[in-house]
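Chemist: In the order they appear, the protein sequences are chains A and B. My numbering numbers the first residue of the first sequence as -16 and each following residue consecutively. My numbering numbers the first residue of the second sequence as 132 and each following residue consecutively. C-beta atoms are modelled at their ideal positions from N, C-alpha and C, and glycine is treated no differently.
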Amino acid sequence: MATEATEVPGGGPEEARRRPPAIECRGVTRRYAGVVANDHIDLEVAEGEIHALVGENGAGKSTLMKMLYGLEQPDEGELLVRGEPQVIDSPRRAIELRIGMVHQHFMLVDDFTVAENIVLGSEPSRGGGRIDREQAGRRVEELARGFGTPLDPNARVEDIGVGQQQRVEILKLLYRGADILILDEPTAVLVPQEVEELFAHMRDLKAEGKTIIFIAHSLDEVLQVADRITVLRDGKVIDTVAAADTDTHQVAEMMVGRPVLLRRVEGKATPGEPMLQVKDLRVVAGGKELVAGLDLDVRRSEIYGLAGVEGNGQAELVEALVGLTAPDTGRIYLDDDELTRADVRTRRQAGLAYIPEDRHARGMVLQMLVSENSVLGQQEREPFSRRGLLDLGAIRRRAVELVRGFRVKAPSVSAPAYALSGGNQQKLVLGREFESNPKLLIAAHPTRGLDIGATQFVWQELVEARDEGVAVLLISSNLEEILALADRVGVIYDGRIVATFRGSEATMSELGLYMTGARGEQPEGLGGPEAGPPNGREPAA
Amino acid sequence: MKVEEKPPPPPEPPEPEVEEAASIPWSQRLRGWALQLLAPAVSLVIAAVIGVLVILVVQQSWSDVTDVAGAMWNYGLFNRNSVAFILGRATPLIFAGLAVAIAFKAGLFNIGVEGQYAIGALTAGYVGYQLSAPTIIHLPLTILAGMAGGMLWAAVPALLKVYRGAHEVISTIMMNFVANAVLLYLLSGAMKDPNQQGGIAQQQTPDIEPTAQVGSMVPFFNSIGFDFRGSAPVTWFFVLAIVAAILYALTVRRTRFGYELRVLGTNPRAAEPSGIRSNSMMLKAMLLSGAIAGLIALQDVIGIDDRMKLDYIRGYGFTGIAIALLGRNSGLGIVAAALLFSFLDRASSGIGLNTDVPKEVTSIMQGVIILTIVIAYEVVRRMTARRQLREQHERA
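1. In the structure shown, what three-state DSSP assignment does His298(B) receive?
2. Can you tell me where the beta strand (DSSP E) with Gln69(A) in it begins and where it stops?
3. Over the uninterrupted beta strand (DSSP E) stretch that includes His34(A), give me the two end residues.
4. Does any residue of chain A bring its CB to less than 8 Å from the CB of Ala401(B)?
5. Helix, strand or coil: which one does DSSP assign to Glu27(A)?
6. Got a sec, what are the start and stop residues for the beta strand (DSSP E) Leu166(A) sits in?
7. Mapping DSSP to helix, strand and coil, what is Met306(B)?
8. Under DSSP, the alpha helix (DSSP H) around Met203(B) begins and ends at which residues?
9. Thinking just about the alpha-carbon of each residue, which of His184(A), His343(A) and Asp93(A) is nearest to the one in Arg128(A)?
10. Hey, out of Val301(A), Met238(A) and Glu293(A), whose CA is closest to Val261(A)'s CA?
11. Between Ala343(B) and Ile433(B), is the Cβ-Cβ spacing less than 8 Å?
12. Pick from Val92(A), Leu166(A) and Phe182(A): whose alpha carbon is nearest that of Ala138(A)?
13. Please state the DSSP three-state secondary structure of Thr194(A).
14. Which whole runs of the alpha helix (DSSP H) in the segment 445 to 505 of chain B are 4 residues long or more, in chain order?
15. If we define contact as Cβ-Cβ less than 8 Å, is Phe388(B) a contact residue for chain A?
16. Which first and last residues belong to the beta strand (DSSP E) in which Val64(A) is found?
17. Using a Cβ-Cβ distance under 8 Å, would Arg445(B) count as near chain A?
18. Return the bridge partner residues of Tyr476(A) from the DSSP annotation.
19. Is the segment 283 to 297 of chain B touching the segment 205 to 222 of chain B, taking contact as three or more C-beta pairs under 8 Å?
20. Would you mind listing the beta strand (DSSP E) stretches within the segment 282 to 354 of chain A that are 3+ residues and don't spill past its ends, in chain order?
21. Looking at the C-beta of Met412(B), does it have a partner C-beta in chain A at a distance below 8 Å?
22. Can you list the residues of chain B that Gly296(A) reaches, using a CB-CB cut of under 9 Å?
23. Against chain B, does Ser368(A) count as a neighbour if the rule is that its beta carbon must be under 8 Å from one of theirs?
24. For Asp326(A), which residues in the same chain have their Cβ closer than 8 Å to its Cβ, ignoring the five residues on either side in sequence?
25. Under three-state DSSP, which class holds Pro142(B)?
26. Kindly list, in the order they appear in chain B, the residues whose Cβ is closer than 8 Å to that of Asp22(A).
27. Under three-state DSSP, which class holds Ile339(B)?
28. Taking CB distances under 8 Å as the criterion, tell me whether Gly483(B) reaches chain A.
29. Check whether the segment 426 to 441 of chain B touches the segment 311 to 323 of chain B, taking contact to mean three or more Cβ pairs, one atom from each stretch, closer than 8 Å.
30. Use the C-beta contact count for Phe308(B): other C-beta atoms within 10 angstroms, 16 or more gives buried, fewer gives exposed.
31. Hey, would you say Leu494(A) sits closer than 8 Å to Val481(A), going by beta carbons?
32. Are the segment 190 to 200 of chain A and the segment 29 to 36 of chain A in contact at 8 Å, needing three or more beta carbon pairs?
33. Using a Cβ cut-off of 8 Å (strictly closer), state whether Arg385(B) contacts chain A.
34. Met48(A) by DSSP, collapsed to three states: which one?
35. For Val244(B), which of helix, strand or coil comes out of DSSP?
36. Shortest alpha-carbon distance to Ala422(B) belongs to which of Gly389(B), Thr254(B), Val383(B) and Ala468(B)?
What follows is the structure in structure tokens.
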């Protein structure tokens, strides 16, 4: 403690802690319709530190950040900014308090230049309502020079990369004088090199005395850049720890809070012959190879877990497998039928079930009834329809089965689906796809947004499906989920599967290395379906 | 996977449970229906109030208000021929409402019903006067020709939409102009009745063969106790319109086609992953819409009159949009809305004949109904949603 005076100015959180914290939450509580999103949150963010906020989906991170930025109001508790209690009732107020937020989805005007975007809303004026473009350009250049690679103020935002767009967002905040920056999952949209650059920027900003709060999923990233980490779970603060004193395992356990779930669920069945085979699949969009010659097979009675940082081609791969986009090259086989060019209906008839990532938007029709939603995608099957006529009785019976079997809380199966809460809507979609008697089940983030009980239930169902002979392709950004369920794990990076492990042998840290590109492609010939020996990997550290 | 451990003949207890989960209590259901009826009722009341205000402003006398109300009531409903007039006038409006509604169901806004029925009237008229065959062949062919004409005109925007992404609102409006030009061109040229005399002859086709004509319903009504004049404008097309409305309702509710149509129309993003072929569905919906549109003018062409005239293209396509809106795209609702509009038309004649008030007051009321119904439905929708949300919380 006595050495802190020798630290670089504004450097250490230790030194900063003597000043009032930049942000302090005291007993902040926020309730939504029956759900406590934030339950008496106590949080201190010291000035000049990088503070990471981690937790599972639905743990309450975003709600907390929205309250700091004035998008939501706490029901109870107090927010202090630089030691003063404040009511932040709008983003405008937050900006006045020099708090800025970069949303996960950028709020930029594509047609405008970098400089125009940055000054938008507080443009330097030349009088008479005219914008002083020269001055704007100069100011932006000055700001940008402060950190990182130069940014062309006259480039149009639509022409620059995602990482650069993110810098534009950050510069926008700096231009408005923010010195407390909130970054909502800033790395989710970035490729690993861009993540490195972002972290360098964050360190530069910290050196200038800025305070950064960021939400992240990847624990390795968090440990790399954060000074302190606060873990949220179920709306409560579990703990705040110094990054130097902890490791991924400890944080992960705090996040999940249920070492039970980390236990692998071993299957009773042994994987059989390949059910889904994908050969040299390529999907090109906007001149970028999003899926770049990917080979994959999923066998009968097998859960294949696809791990990867979001945006590495998972979404495009799934769309190509389901038939929503046509691949540019490659072949897709399902149980010996070639389905490369088949449409969704043909694939569903061939035995495909699909749990979309965005299931409220793509998996159901909220205005239609629960019963009608419970056969969506199976509407042409008997007994739900015969010779083009619906059998409303059979449809209702199916709906009642699903509501009961999957513990969907619904007022009635004749109620519109929007009368169900989000989690229950999701259970309905999951149940429907599980019960469609599939050969191949593609489950994209099946437990995202579900509470712990429902998650465990879905895991159980996935394992049961596998034991009954279904080939399951599980796409998840939740590594615990993949490690707990998968018989084989593939890591997708930059549109290709760079490594394959046996599920029982994969470790989180090793997957992380491949996911972030820190380790290159596994040598050829390893990790195939027949891979016998332990894949020639060094034991996990 | 097990959903429940239920042997094929389920034991006693689960059965009522199924019922419980499957059905909404009657009290709740009644409240739901009452809410649904509330919206049109409220908008009718508002329309009446505004109608009264307009009369008071224009005429500045309360007695005119009572005169108008009396004329609407007595003439509109109880004049000797009023019922026949209302049913007859509602017939094209029902077809028009259904044509718009089926496209709506697929999420398409068919503004081209006007042009589609113009072409349908031309093709039906042509087959009607050109062909000679026994009734059993000629009449169905004529009606089918009308549907085919409407379908043809709807096919162009449908194909443009599916293959080129052209927005159907723009292309159907443009097709209306083209249809109008085609109509004028053919009715004053190739299809014009050569035997017409005089310099300012009407643009009309030769007479339709009697084998292609649909009879009046007046004898039928008079045989069951009505006393309509022989020329009262109600034909068997009214029955066809009712049948079409029933078929429409069954299609939407009870067929896979209707189910897929509704999925596509309410959430297109969910349609593709569910294996619904959006393009093919849009094409079919638009063609069906055009085919129904092709029936709109047939009562005039081969029912009441026996020739196709330029006059018979008179804005039903646009009224159909209002009818579909008012009837919430449901078969029953469309029939009710068409009858209401038809009644207001009839009542306006009564106002013109028996009062000093301009009969356009009913047009104002029609306009007000269309405007208020949108608001009223939205208010009811929010009320229902709020109630459901509340119940959801109570359960949670």
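Modeler: The answer reads as follows:
1. Three-state DSSP puts His298(B) in coil, outside helix and strand.
2. It spans Glu67 to Gln69 - the beta strand (DSSP E) in which Gln69(A) sits, taken as one unbroken run.
3. Annotation for His34(A): the continuous beta strand (DSSP E) segment containing it runs Ile33 to Gly38.
4. Chain A contact via Cβ: present.
5. It is a strand residue.
6. Run containing Leu166(A): Ile163 to Leu166, per the beta strand (DSSP E) assignment.
7. DSSP, reduced to helix, strand and coil, places Met306(B) within a helical segment of the structure shown.
8. Trp193 to Phe209 is the span of the alpha helix (DSSP H), which, as asked, contains Met203(B).
9. Proximity to Arg128(A) across His184(A), His343(A) and Asp93(A) peaks at His184(A), based on C-alpha coordinates.
10. Ranking the options by Cα distance to Val261(A), first place goes to Val301(A).
11. For the pair Ala343(B) and Ile433(B), the CB atoms are nearer than the 8 Å cut-off.
12. Ala138(A) has its Cα closest to that of Val92(A), out of Val92(A), Leu166(A) and Phe182(A).
13. Here DSSP, grouped into helix, strand and coil, assigns Thr194(A) to strand.
14. List check, alpha helix (DSSP H) in window: 447 to 457 and 462 to 485.
15. Closer than 8 Å: yes.
16. Here the beta strand (DSSP E) through Val64(A) covers Glu59 to Val64.
17. No, its Cβ sits nowhere closer than 8 Å to a Cβ of chain A.
18. Bridge partners of Tyr476(A): Arg479(A).
19. With contact defined as three or more Cβ pairs closer than 8 Å, the segment 283 to 297 of chain B and the segment 205 to 222 of chain B are not in contact.
20. Runs of the beta strand (DSSP E) spanning 3 or more residues and lying entirely within the segment 282 to 354 of chain A occur at 285 to 290, 312 to 317 and 335 to 338, in chain order.
21. For Met412(B), no CB of chain A lies under 8 Å from its own CB, so it is not counted at the interface with that chain.
22. At a beta-carbon threshold of 9 Å, none of the residues of chain B lie near Gly296(A); the nearest stands roughly 19 Å away.
23. Output row for Ser368(A): interface = yes.
24. Excluding residues within five positions, the ones whose Cβ falls inside 8 Å are Gly306.
25. Note that Pro142(B) scores 39 on pLDDT, short of 50, meaning its location in the model is unreliable; the coordinates nonetheless yield the value given after this. In the three-state scheme derived from DSSP, where H, G and I count as helix and E and B as strand, Pro142(B) is classed as coil.
26. Contact note: Asp22(A) does not reach chain B at a C-beta cutoff of 8 Å; the least C-beta distance is about 16 Å.
27. Coil, per DSSP.
28. Chain A, which has no Cβ nearer than 8 Å to the Cβ of Gly483(B), makes this no.
29. Under the three-pair Cβ rule at 8 Å, the segment 426 to 441 of chain B counts as touching the segment 311 to 323 of chain B.
30. Exposed is the call here.
31. In this structure, the beta-carbon distance from Leu494(A) to Val481(A) does not fall below 8 Å.
32. Under the Cβ criterion (8 Å, minimum of three pairs), the segment 190 to 200 of chain A counts as touching the segment 29 to 36 of chain A.
33. Yes, Arg385(B) lies at the interface with chain A (some Cβ there is under 8 Å from its Cβ).
34. In the structure shown, Met48(A) sits in a helix (DSSP, three-state: H, G or I).
35. If DSSP states are grouped into helix, strand and coil, Val244(B) belongs with the helices.
36. Of the listed residues, the one whose Cα sits closest to Ala422(B) is Thr254(B).
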